[in-house]
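One structure is given below, encoded as structure tokens.
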Amino acid sequence: MRWNFFGCLAATSVLASLILATGALCAAAGPVDNTLVNLPTFKKANPALHPFMGWSSWSAIRQNVDAHIVKAQARVIVARLKKFGYDYVNVDGGWQQGYDHYGRPKPNLTKFPGGMAPLASWLHQRGLKLGIYLLPGIDPSLYQANDPIVGTHYTTRQIVYKNSKHGNTKYTKSYMLNFSNPGAMAYLQSCADLFASWGVDYIKLDYVGPSGGDSWPYRGVDCRSEVAHFALALSRCGRPIWLELSANLKFADAAFWAKYANGWRTNGDIESYKHDLTDWKNVMVRFNKNARWAPYAGPGHWNDFDSLDIGNGKRDGLTSVESQTVMIFWCINCSPLCLGADLTRLTPGGFNIITNKAAIAIDQAGHPATPLSQKTPQQVWVIHNADGSCTVAMFNLAKTTAKVGVTWRQLNFAKRTANVKDLWAQKQLGAFSTSFTATLPAHGSRLLKISPAH
80 MRWNFFGCLA ATSVLASLIL ATGALCAAAG PVDNTLVNLP TFKKANPALH
130 PFMGWSSWSA IRQNVDAHIV KAQARVIVAR LKKFGYDYVN VDGGWQQGYD
180 HYGRPKPNLT KFPGGMAPLA SWLHQRGLKL GIYLLPGIDP SLYQANDPIV
230 GTHYTTRQIV YKNSKHGNTK YTKSYMLNFS NPGAMAYLQS CADLFASWGV
280 DYIKLDYVGP SGGDSWPYRG VDCRSEVAHF ALALSRCGRP IWLELSANLK
330 FADAAFWAKY ANGWRTNGDI ESYKHDLTDW KNVMVRFNKN ARWAPYAGPG
380 HWNDFDSLDI GNGKRDGLTS VESQTVMIFW CINCSPLCLG ADLTRLTPGG
430 FNIITNKAAI AIDQAGHPAT PLSQKTPQQV WVIHNADGSC TVAMFNLAKT
480 TAKVGVTWRQ LNFAKRTANV KDLWAQKQLG AFSTSFTATL PAHGSRLLKI
530 SPAH
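Using our numbering, the letters of the sequence shown map in sequence onto residues 80 to 533.
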């Protein structure tokens, strides 16, 4: 997350006359949270059949990102990671510099010579995809500029709530769009057309509210109407653009996020914002709060646990044991696998963790696990498979070594004997009667497949 970065919403292209004709795009006047009536229905721009896999610039690079750095990371993906499924290259905060004469975001041409289109083309030629970062609403400078909106007689001053009560956010300072004015949708559509023309494949929309707790300092204004109209605009851009929402979205609105977005952040940032990329405390928040989100994950819509900040050794802020646990936990919950480390400095151990084929296969299968119990730090998370077996992840979240076990009764197995395979190590462990127990180090994990014996 970033505290002082100006951005803008995005969308695709539809003429203002069409917007006026349909009427369905116009929400009721009033505060943002009162526009949740007559929201549009449509097919999402990106079907998002599986959680996306790729890399994001924020954790390791921050706003120092530029085309040279992005291409260096992309070369590593092509050479070493693409064959495992990683193909998104997401440029987070730091790519934008101002707006064009229609109020649409402009790239920083010093950092990205020629803009984002040449970078998208370069990535596409290598089988990769480009992601960018945006904020909801419009920057106050656009209100002052009063720029015209493409294809309409409206201006940027006419399409927003200026009153902070209606959405002037604390951190972004953005004015939220007022969809009682058709020009608001036209503006989103004009932005979306622009991004589609660049070849954008993914958009992360940050500071979306309502947001949840977890000691996250930002409490977003209600962006739901804007999210819905943004998703509509993307569906009309002629390009399958993935829509990701951030951060720490409110659980009470989970069904709404699932309807309009391809993914959403369930917590605050994974980054520690110190020298290290992350820390165990930020990982534990996900264990404590994310089980309830499992029913809302599936084809088209995924719970995003944030970046996988593993792969740079000590700089990760995690031990190798903890890094394996992070990978397993993300994968059994079918979170997008978005690498946050500097890929040009991947350690051998980090590479082995992020390329574990069995874990990735579970992630991409798209059936999230649920815990048997979370009353103790020794937890067992289970996926019931169609063939009658169970994928079982064991975790010791305590600070000391402990035993973690599961009984066949807990897995609803009728037989008293089951075969156990260590999926992470790809090793058959044998047949066991009634239960299986493992001794795990502090913050350790095991990934198993347990099948009733024939």
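The beta carbon of each residue, even a glycine, is placed where N, CA and C say it ideally should be.
Query                                                                                                                    : Result
Rounded Cβ spacing between H522 and V400 (contact assumed at less than 8 Å)                                              : 6 Å
Beta-carbon gap between E323 and A340 smaller than 8 Å                                                                   : yes
Cβ neighbours of D421 in the same chain (closer than 7 Å, five flanking residues each side left out)                     : A139 and N391
Reduced DSSP category for T345 - H, G, I as helix; E, B as strand; rest coil                                             : coil
Cβ shell of T398 (< 8 Å), same chain only, five flanking positions each side left out                                    : H522
Alpha carbon of R424 to alpha carbon of N242, nearest angstrom                                                           : 47 Å
Short Cβ contact (8 Å threshold) for F515 with T404                                                                      : no
Secondary structure of P227, DSSP reduced to three states                                                                : strand
Closest Cα partner of D383 within the set G396, I389 and L416                                                            : L416
Cut-off 6 Å between Cβ atoms - residues of its own chain near G177, not counting five sequence neighbours on either side : K185
CB of I349 within 8 Å of CB of N367, strictly                                                                            : no
P51 versus L311: straight-line alpha-carbon distance, rounded                                                            : Lying outside 80 to 533, the shown extent of the chain, residue 51 is not represented and no answer is given.
Close Cβ partners of D112 (< 6 Å) along its chain, the five nearest in sequence each way excluded                        : At D112 the pLDDT is 39, less than 50, meaning the model places this residue with poor confidence and gives no usable figure here.
Within-8 Å CB hit, W460 to chain B                                                                                       : In summary, chain B is missing from the structure at hand, where a single protein chain is found.
Separation of V157 from P531, as counted between CA atoms                                                                : 40 Å
Integer-rounded CB distance, given that H129 should sit under 8 Å from Q489                                              : At roughly 29 Å, the Cβ-Cβ gap does not stay under 8 Å, so Q489 and H129 are not in contact.
Length-filtered (3 minimum) beta strand (DSSP E) runs lying within the segment 263-314                                   : 281-284
Three-state secondary structure assigned by DSSP to L356                                                                 : coil
Distance between G193 and A151 (C-alpha atoms, nearest Å)                                                                : 18 Å
Beta strand (DSSP E) runs wholly inside the segment 388-438, at least 3 long, in chain order                             : 416-418
Classification of F121 by the beta-carbon crowding that lies within 10 angstroms, buried from 16 upward                  : exposed
Collapsed DSSP secondary structure at R525 in the structure displayed                                                    : strand
Nearest-angstrom Cβ-Cβ length linking F191 and D145, presumed shorter than 8 Å                                           : 7 Å
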